[in-house]
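Chains as they are written, first to last, in the working numbering: chain A, 1 to 429; chain B, 430 to 739.
By construction, the Cβ of each residue, glycine as well, lies at the ideal position given by its N, Cα and C atoms.
Heads up: the structure comes next, in structure tokens.
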Amino acid sequence: MRLRMLATAAAVLTVAATAACGGSADESGAVTLKLGFYAAAGDPADTTMRELVKEFTAANPSIKVQLEVAPYVKFFEKLRTEIAGGQAPQVWLSDGVLVQEFAARGALADLTDRVKTVNAADYSGIELNRDAKGRIYGFPQGAQTPVLFYNKKLFAEAKVDAPTADWTYDDLAAAAKKLTKDTNNDGKPDTYGFRAYSPGFTESWWPIIKAFGGDIVTDGNRKVVVDSPQSKAALDWMLGAMGKDGFAPDYATTEGLGKGVVHTLFATGRVAMSYGIYARTLPAASAGVDFGVAPMPKGPAGRGNVAIVNSWVVSKSASPAQADAAWKWITFFSGEGPQRKWAELGEAIPINKKVAATALPADRRQAFLDSLDAATDLGVNAVWSEYTEALSKRISEALSGASPVDTALATGQKEAQEVIDRFYAGQTQ
Amino acid sequence: MTVLTRKAGKVAADPRPSSGRRHAGERAWAFAFASPYLLHLVALAAWPLLASLFFSMTDYDLVSPPKFVGFGNFTRLFGDEVFWRTLGNTAYFAVLFVPTQTVLALGLAIALNQRLRGMALFRAAYFVPVVSSWVVVAYVADAVFNPQTGLANQVLGFLGLPSENWLQDPALVIPTLAAVAVWKGVGYMMVLFLAGLQAIPEERYEAAKIDGASAWNRFRYITLPGISGTTFLVLVLTSIETLQSFEQVFVMTDGGPHGASELTVLHLYRQGFQFFQMGYASAIAWVLFVLVLALTLVQFRLQRRWVHYA
Numbered sequence: 001m002r003l004r005m006l007a008t009a010a011a012v013l014t015v016a017a018t019a020a021c022g023g024s025a026d027e028s029g030a031v032t033l034k035l036g037f038y039a040a041a042g043d044p045a046d047t048t049m050r051e052l053v054k055e056f057t058a059a060n061p062s063i064k065v066q067l068e069v070a071p072y073v074k075f076f077e078k079l080r081t082e083i084a085g086g087q088a089p090q091v092w093l094s095d096g097v098l099v100q101e102f103a104a105r106g107a108l109a110d111l112t113d114r115v116k117t118v119n120a121a122d123y124s125g126i127e128l129n130r131d132a133k134g135r136i137y138g139f140p141q142g143a144q145t146p147v148l149f150y151n152k153k154l155f156a157e158a159k160v161d162a163p164t165a166d167w168t169y170d171d172l173a174a175a176a177k178k179l180t181k182d183t184n185n186d187g188k189p190d191t192y193g194f195r196a197y198s199p200g201f202t203e204s205w206w207p208i209i210k211a212f213g214g215d216i217v218t219d220g221n222r223k224v225v226v227d228s229p230q231s232k233a234a235l236d237w238m239l240g241a242m243g244k245d246g247f248a249p250d251y252a253t254t255e256g257l258g259k260g261v262v263h264t265l266f267a268t269g270r271v272a273m274s275y276g277i278y279a280r281t282l283p284a285a286s287a288g289v290d291f292g293v294a295p296m297p298k299g300p301a302g303r304g305n306v307a308i309v310n311s312w313v314v315s316k317s318a319s320p321a322q323a324d325a326a327w328k329w330i331t332f333f334s335g336e337g338p339q340r341k342w343a344e345l346g347e348a349i350p351i352n353k354k355v356a357a358t359a360l361p362a363d364r365r366q367a368f369l370d371s372l373d374a375a376t377d378l379g380v381n382a383v384w385s386e387y388t389e390a391l392s393k394r395i396s397e398a399l400s401g402a403s404p405v406d407t408a409l410a411t412g413q414k415e416a417q418e419v420i421d422r423f424y425a426g427q428t429q
Numbered sequence: 430m431t432v433l434t435r436k437a438g439k440v441a442a443d444p445r446p447s448s449g450r451r452h453a454g455e456r457a458w459a460f461a462f463a464s465p466y467l468l469h470l471v472a473l474a475a476w477p478l479l480a481s482l483f484f485s486m487t488d489y490d491l492v493s494p495p496k497f498v499g500f501g502n503f504t505r506l507f508g509d510e511v512f513w514r515t516l517g518n519t520a521y522f523a524v525l526f527v528p529t530q531t532v533l534a535l536g537l538a539i540a541l542n543q544r545l546r547g548m549a550l551f552r553a554a555y556f557v558p559v560v561s562s563w564v565v566v567a568y569v570a571d572a573v574f575n576p577q578t579g580l581a582n583q584v585l586g587f588l589g590l591p592s593e594n595w596l597q598d599p600a601l602v603i604p605t606l607a608a609v610a611v612w613k614g615v616g617y618m619m620v621l622f623l624a625g626l627q628a629i630p631e632e633r634y635e636a637a638k639i640d641g642a643s644a645w646n647r648f649r650y651i652t653l654p655g656i657s658g659t660t661f662l663v664l665v666l667t668s669i670e671t672l673q674s675f676e677q678v679f680v681m682t683d684g685g686p687h688g689a690s691e692l693t694v695l696h697l698y699r700q701g702f703q704f705f706q707m708g709y710a711s712a713i714a715w716v717l718f719v720l721v722l723a724l725t726l727v728q729f730r731l732q733r734r735w736v737h738y739a
């Protein structure tokens, strides 16, 4: 009896172990691919992705796809523990800014050679994924870049001409002042001309500092150089907008709106202009706002365009068969049909240039595509989350008036550099 | 001797197993019944504890195998300004939260320890926030402390006072969080105090009344000593809870504005789950554990002076 139980247990364990290691193709050549992506439950992106996976498996019957979906924060939290436990998906959708974080720690397969097999000129954002050593660990899935959103109705009411590609920061300020209104005479504007501060710095201080001639990181994104007179001029301009000029909601007012609401300031008509990535077109359109987009204004050093390219990445622990299947999925997703379907969601700029040239709404297309073409990356490196967190804290201190701009920039630079040095110098963690 | 012999004879004739064997059998059953819990303890408490102790002495990014670094993480931790700042924030939060919640819970328990109609309803009402999730509480808190639309600023406006940025002002954020935490947790401590109050014999109050003791003296010399054990329990539980606070700040402020409400466990979470530094996060966890243990031991030591178990 005991022997039979032992034999059964051994058999169960063997089957379980075999199932757990089922990475390679079986005798029939079938391979199972665990595919992870982030989306809120019931989100249209979730539905579309599932439909695309169905199409993919129908076209590739030898590939079986297991989906792993979770909201953004949960997804990446779970992913880290799955990697530690050897249970990570073989291919997953990564926030563009996290690709190098995972790659630098050895979690991702090097896709450089595979990328060489596609015509790079057909896709946007490939170069933004190249690391300091010239290697590529992610293939673009969708791109985001900020442009200037403006509310046509509020512009017409204030008799202000729509923004043009020639606008400077002075033009922006002049228009924003005219657009700022206190309709109920309580001493506080009900509509502001522009949103200067946002906790999402891609749509706030990062491009503004660059437009004013400053920079955040250089030398392969390993040297923090934010402490400069140009950065100070940029932050002073923002402080003026929120303070003496009064055409932008101040730090406390913006933060007081809550995490989710900050990004709907434009959609709810509280601000007439705002920097926004492509994903912001969705809430504005859903709210019925009649809006247009224009290039960000020119500063002393240009427009400061930046972009984030969310990308498909392949796990380093994927078997050769799984890595091949993952690459098949990536090339399938980048194709015209799937890209067109994904573009219907309106949440990202398609990375397939042919699709982007036709699927984006005509009145918004050029501003986004030009911005994407001119964009630099968002200072991505192996410790992006940590060093930008350190820097953001100090810059938000300056923008809230809690500390002088000079001090905040100097301290922020020092603390962010310490984070970068700690990793790259190979010290304890 | 006779008695002994008779007893021995009786034992020999007893068909039941000997006391030793019986105890061995009982022990086996006891282990069998306790085994699910013991397994749980080993797998989900002891093993992770030991693993985290090991990780605290490694450079572990969750991707590559851990590399032993000795006390490197602890050395770094003592020079980590952010860690000390978060510890300061946690201590400030504790100083505001622990006494306020304890005093309020006791006051509520005394007020609700009456034999009046509908009292159960009031007790339940104070307990509702305890069983609500922090996400729900965060929404309620926003309705009160939102700088534009919140009730708190409306009240200040009514009194002719200027509005405040409750959760956006570094000077106000921790007191505001402490107030919300008290609102959420006071019901649970109130129930503990209610149990303590109801365990004090009624005769003591009657005797004191006959002796002419005032209400204050009855509270001072009967109630307070009578619930000192409960007060001690409340203080220990609340102190531990405070040092482990995470969910509230994660949901309500994410440590902002600019780190002013970043508590130690949020710092630990970020290091481990966002910044790939599980070794360093484990070191923070162990330092925090030692601090909690030390604080609890001090509380146990001091209780001898003021806690009466009658």
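key: Short Cβ contact (8 Å threshold) for residue 622 of chain B with residue 596 of chain B   = Start at 1 with the first residue of the second sequence, and residue 622 of chain B comes out as number 193. Start at 1 with the first residue of the second sequence, and residue 596 of chain B comes out as number 167. Their beta carbons are not under 8 Å apart, which means residue 622 of chain B does not touch residue 596 of chain B by this criterion.
query = Nearest to residue 394 of chain B by alpha carbon, out of B:470, B:522 and B:456?
reply = The structure shown does not extend to residue 394 of chain B, since chain B is modelled only from 430 to 739, so the question has no answer here.
request  = Mind checking which residues open and close the beta strand (DSSP E) that includes residue 193 of chain A?
outcome  = The residue you call residue 193 of chain A lines up with position 193 of the first sequence. Going by DSSP, residue 193 of chain A is part of the beta strand (DSSP E) stretching over 192-195.
inquiry  = Per DSSP, what are the beta-bridge partners of residue 144 of chain A in this structure?
reply    = What you label residue 144 of chain A is simply residue 144 of the first sequence in a count that begins at 1. Bridge partners of residue 144 of chain A: A:308.
ask   = In chain A, which residues lie less than 7 Å from residue 575 of chain B when you measure between Cβ atoms?
value = Walking along the second sequence from the start, residue 575 of chain B turns up at place 146. 256, listed in chain order.
key: residue 702 of chain B, DSSP secondary structure in three states   = One-based indexing of the second sequence puts residue 702 of chain B at position 273. DSSP places residue 702 of chain B in helix when its eight states are reduced to three.
query = Helix, strand or coil: how does DSSP classify residue 674 of chain B here?
reply = Stepping through the second sequence from its first residue, residue 674 of chain B is reached at position 245. The answer is coil: DSSP assigns residue 674 of chain B none of H, G, I, E or B.
query = Does the pairing of the region 285-304 of chain A with the region 80-90 of chain A give three or more beta-carbon distances under 8 Å?
reply = Touching, no.
task = Please determine if the region 51-60 of chain A and the region 98-106 of chain A are in contact, where contact requires at least 3 C-beta pairs separated by less than 8 Å.
result = no
inquiry  = Contact defined as beta carbons within less than 8 Å: I believe residue 265 of chain A pairs with residue 44 of chain A. What is the distance between those atoms, to the nearest angstrom?
reply    = Residue 265 of chain A sits at position 265 when you count from the first residue of the first sequence. Residue 44 of chain A sits at position 44 when you count from the first residue of the first sequence. Going by Cβ atoms, the distance from residue 265 of chain A to residue 44 of chain A rounds to 23 Å, so no, they are not a contact pair.
request  = Pair every Cβ in the region 226-243 of chain A with every Cβ in the region 201-217 of chain A, then say whether three or more of these pairs are closer than 8 Å.
outcome  = yes
ask   = Going along the region 105-135 of chain A in order, which residues come within less than 7 Å of chain B, judged by CB to CB distance?
value = 105, 106 and 107
Inter-residue Cα distance where the pair is residue 572 of chain B and residue 255 of chain A = The residue you call residue 572 of chain B lines up with position 143 of the second sequence. The residue you call residue 255 of chain A lines up with position 255 of the first sequence. Distance between the alpha carbons of residue 572 of chain B and residue 255 of chain A: 15 Å.
key: Whole runs of the alpha helix (DSSP H) within the region 272-335 of chain A, excluding any shorter than 4 residues   = If we require 4 residues or more, the alpha helix (DSSP H) runs fully inside the region 272-335 of chain A come out as 281-286 and 320-334.
key: Interface positions of the region 595-610 of chain B facing chain A (Cβ-Cβ less than 9 Å), listed along the chain   = 595, 596, 597, 598 and 599
ask   = Any C-beta of chain B sitting closer than 8 Å to the C-beta of residue 77 of chain A?
value = Here the question's residue 77 of chain A lines up with position 77 in the first sequence. Closer than 8 Å to some Cβ of chain B, the Cβ of residue 77 of chain A qualifies, so yes.
Of the listed residues A:280, A:307, A:94 and A:91, nearest to residue 372 of chain A (C-alpha basis) = As a position in the first sequence, residue 372 of chain A is number 372, starting the count at 1. Closest in alpha carbon position to residue 372 of chain A, among A:280, A:307, A:94 and A:91, is A:307.
query = So, does the CB of residue 216 of chain A fall closer than 8 Å to a CB anywhere in chain B?
reply = As a working note, residue 216 of chain A is residue 216 in the first sequence. Not closer than 8 Å to any Cβ of chain B, the Cβ of residue 216 of chain A fails to qualify, so no.
request  = Give, in chain order, every residue of the region 704-725 of chain B whose Cβ lies closer than 8 Å to some Cβ of chain A.
outcome  = 704, 705, 706, 707, 708 and 709
query = Which residues does DSSP pair with residue 497 of chain B in a beta bridge?
reply = Indexing the second sequence from 1 puts residue 497 of chain B at position 68. Answer by DSSP bridge pairing, in chain order: B:487.
query = Which of helix, strand or coil does DSSP assign to residue 596 of chain B?
reply = The residue given as residue 596 of chain B occupies position 167 in the second sequence. Coil at residue 596 of chain B, not helix or strand.
inquiry  = Taking the beta carbon of residue 338 of chain A as the centre, do at least 16 other beta carbons fall within 10 Å, making it buried, or is it exposed?
reply    = Within the first sequence, numbered from 1, the residue matching residue 338 of chain A stands at position 338. Under this definition residue 338 of chain A is a buried residue.
query = What did DSSP end up calling residue 65 of chain A once you bin it into helix, strand or coil?
reply = On the first sequence, residue 65 of chain A is found 65 positions in, with the first residue counted as 1. Looking at residue 65 of chain A - three-state DSSP - the assignment turns out to be strand.
inquiry  = For residue 737 of chain B, which residues in the same chain have their Cβ closer than 7 Å to its Cβ, ignoring the five residues on either side in sequence?
reply    = Residue numbering aside, residue 737 of chain B sits at position 308 when the second sequence is read from its first letter. Taken in chain order, the residues that qualify are 654 and 657.
Proximal residues, the region 375-392 of chain A versus chain B, C-beta separation under 9 Å = 382, 383, 385, 386, 389, 390 and 392
message = If you reduce the DSSP assignment to three classes, tell me which class residue 545 of chain B lands in.
response = The count along the second sequence starts at 1 and reaches residue 545 of chain B at position 116. DSSP places residue 545 of chain B in coil when its eight states are reduced to three.
ask   = Among B:632, B:593, B:611 and B:462, which residue has its Cα nearest to the Cα of residue 577 of chain B?
value = On the second sequence, residue 577 of chain B is found 148 positions in, with the first residue counted as 1. The option with the nearest alpha carbon to residue 577 of chain B is B:593.
ask   = Got a sec? Which residues, its chain only, sit under 8 Å from residue 678 of chain B by beta carbon, not counting five neighbours each side?
value = Position 249 of the second sequence holds residue 678 of chain B. Around residue 678 of chain B: 606, 684, 690, 691, 692 and 695.
key: residue 429 of chain A to residue 423 of chain A span [Cα, whole Å]   = Along the first sequence, read from residue 1 onward, the residue named residue 429 of chain A stands at position 429. Along the first sequence, read from residue 1 onward, the residue named residue 423 of chain A stands at position 423. In this prediction, residue 429 of chain A has a pLDDT of 42, which is less than 50 and means its spatial position is unreliable; what the coordinates show is noted afterwards. Cα-Cα distance, rounded: 7 Å.
Neighbour list for residue 688 of chain B in chain A, Cβ cutoff strictly below 7 Å = Start at 1 with the first residue of the second sequence, and residue 688 of chain B comes out as number 259. Ordered by position in chain A, the residues that pass the 7 Å Cβ test against residue 688 of chain B are 393.
query = What does residue 253 of chain A touch in chain B if you count any residue whose Cβ is under 9 Å from its own?
reply = Start at 1 with the first residue of the first sequence, and residue 253 of chain A comes out as number 253. Those are 576, 577, 594 and 597, listed as they occur along chain B.
request  = With 8 Å as the threshold, decide whether the Cβ of residue 84 of chain A is near any Cβ in chain B.
outcome  = Indexing the first sequence from 1 puts residue 84 of chain A at position 84. Put simply, the CB of residue 84 of chain A is near chain B, with a gap under 8 Å to one of its CB atoms.
ask   = Which bits of chain A does residue 562 of chain B rub up against, with CB to CB less than 8 Å?
value = Position 133 of the second sequence, counted from the first residue, corresponds to residue 562 of chain B. The premise fails here: residue 562 of chain B is roughly 15 Å from chain A at the closest Cβ pair, so nothing lies under 8 Å.
ask   = Between the Cα of residue 707 of chain B and the Cα atoms of A:32, A:33 and A:80, which residue gives the shortest distance?
value = Indexing the second sequence from 1 puts residue 707 of chain B at position 278. Ranking A:32, A:33 and A:80 by Cα distance to residue 707 of chain B puts A:80 first.
Status (buried if at least 16 other CB within 10 Å, exposed otherwise) for residue 413 of chain A = For this step, residue 413 of chain A is matched to residue 413 along the first sequence. By the Cβ neighbour-count rule, residue 413 of chain A is buried, with 16 or more other Cβ atoms within 10 Å of its own.
ask   = Given a threshold of 16 other Cβ atoms within 10 Å of its Cβ, counted over all protein chains shown, does residue 488 of chain B qualify as buried or as exposed?
value = Taking the first residue of the second sequence as position 1, residue 488 of chain B is located at position 59. Residue 488 of chain B is buried by the Cβ-count criterion.
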